[in-house]
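Encoded as structure tokens, the structure appears first; notes follow it.
Numbering (mature numbering (1 follows the signal peptide of the UniProt record, and there is no 0)), first residue to last: -28 to -1, 1 to 249.
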């Protein structure tokens, strides 16, 4: 098998960000109109009842629930718009936070608030970041609630602060960085038009419209997994599928990549948690 053909089989979703994985352009297939139309109909049917609403409701309860050694709720957590302000906060993340002197995405910030307000240890705050059958994740529920608070709000990602600009540039380098056993980068699967794997179209994230459509619909309820999956999960899984070392949960690496992707989608109207196959 040629090296190119082997890479075609192995290429997986960046980040599906957004959808699924990719076949290099030489091996890419073009979805027939009928297949594309059927997938669109499938998504339309599912969209009438998104199970993510259950995660959103549970997340709101957790936001208001007093927990941890300090028996405190998260209602005074500052997501960037002031203590306790949730409306529109996700649409401006990642961003620079003066109190920690760094750029944080939503999941990093949630960990910080759970430690500083509720008194949890880092290990406790990061426990079960990704849920499974019979083992639900508080983090995924909280992220679902907070993301939904920005539904209908336009993304407004700042790169004015030097730390924000730096995070963006690092994220951009990560997106294009080729390495690993298959010499892949995020861009291998998400920087060309007409890419797909199986019946899944893959967004070209260098195309602003594609980047906006992709980013604005994550987090999402994955029908195939029966769970809401956050951006951290999506990107971590992409690293795994590229055969890269999987970053630690809530790492600065993921925040930087998220900053690049979010800025690329700037101006998009948030419509998450959405529903994916």
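Yeah, the Cβ is synthetic: ideal placement off N, Cα and C, and Gly gets one too.
> Nearest-angstrom Cα distance between residue 154 and residue 90?
Replying inline: Cα to Cα, the separation comes out at about 43 Å.
Exercise. Compute the beta-carbon to beta-carbon distance between residue 142 and residue 228, rounded to the nearest angstrom, for a pair I have assumed lies under 8 Å.
Key: Yes, they are in contact, since the Cβ atoms of residue 142 and residue 228 sit about 4 Å apart, within 8 Å.
According to DSSP, is residue 76 helix, strand or coil? Note: residue 76 maps to strand in three-state DSSP.
In this structure, does DSSP put residue 139 in helix, strand or coil?
Helix, per DSSP.
Check your understanding: On the three-state DSSP scale, how would you describe residue 238?
Key -> Three-state result, residue 238: coil.
ask   = Can residue 101 and residue 221 be called in contact, C-beta distance under 7 Å?
value = yes
Residue 60 and residue 47 - do their beta-carbons sit closer together than 7 Å?
no
Own chain partners of residue 125 with C-beta closer than 6 Å, once the 5 adjacent residues on each side are dropped: 60, 63 and 242
| query | From residue 117 to residue 163, what distance separates their C-alpha atoms? | reply | 31 Å
> Around the C-beta of residue 250, are 16 or more other C-beta atoms found within 10 angstroms, so that it is buried, or is it exposed?
Replying inline: The requested residue 250 does not occur in the structure, where the chain is confined to residues -28 to 249.
* **residue 102 (DSSP reduced to helix, strand or coil)** => coil
Q: Take the Cβ of residue 77 as the centre, count every other Cβ of all protein chains shown within 10 Å, and call the residue buried at 16 or more, exposed below.
A: buried
Fill in: Residues near residue 216 by beta carbon distance below 6 Å, same chain, minus five either side
152
### Query
Do you know offhand how far residue -4's Cα is from residue 87's?
With a pLDDT of only 39 at residue -4, under 50, the local geometry of the prediction cannot be trusted, and the value read off the model is given with reservation. Their Cα atoms are separated by approximately 46 Å.
* **Cβ-based burial, residue 94 [other Cβ within 10 Å; buried from 16]** => exposed
- prompt: Is it buried or exposed for residue 239, if we count other Cβ within 10 angstroms and need 16 for buried?
  reply: exposed
Looking only at DSSP bridge pairs, what is residue 247 linked to?
Looking at the DSSP output, residue 247 sits in a beta bridge with 193.
Practice task
Starting from residue 69, trace the beta strand (DSSP E) both ways and give me its first and last residue.
Solution key: For residue 69, the enclosing beta strand (DSSP E) begins and ends at 67 to 69.
Round the Cβ separation of residue 225 and residue 146 to the nearest angstrom and send it over; I've been treating them as touching at under 8 Å. 7 Å
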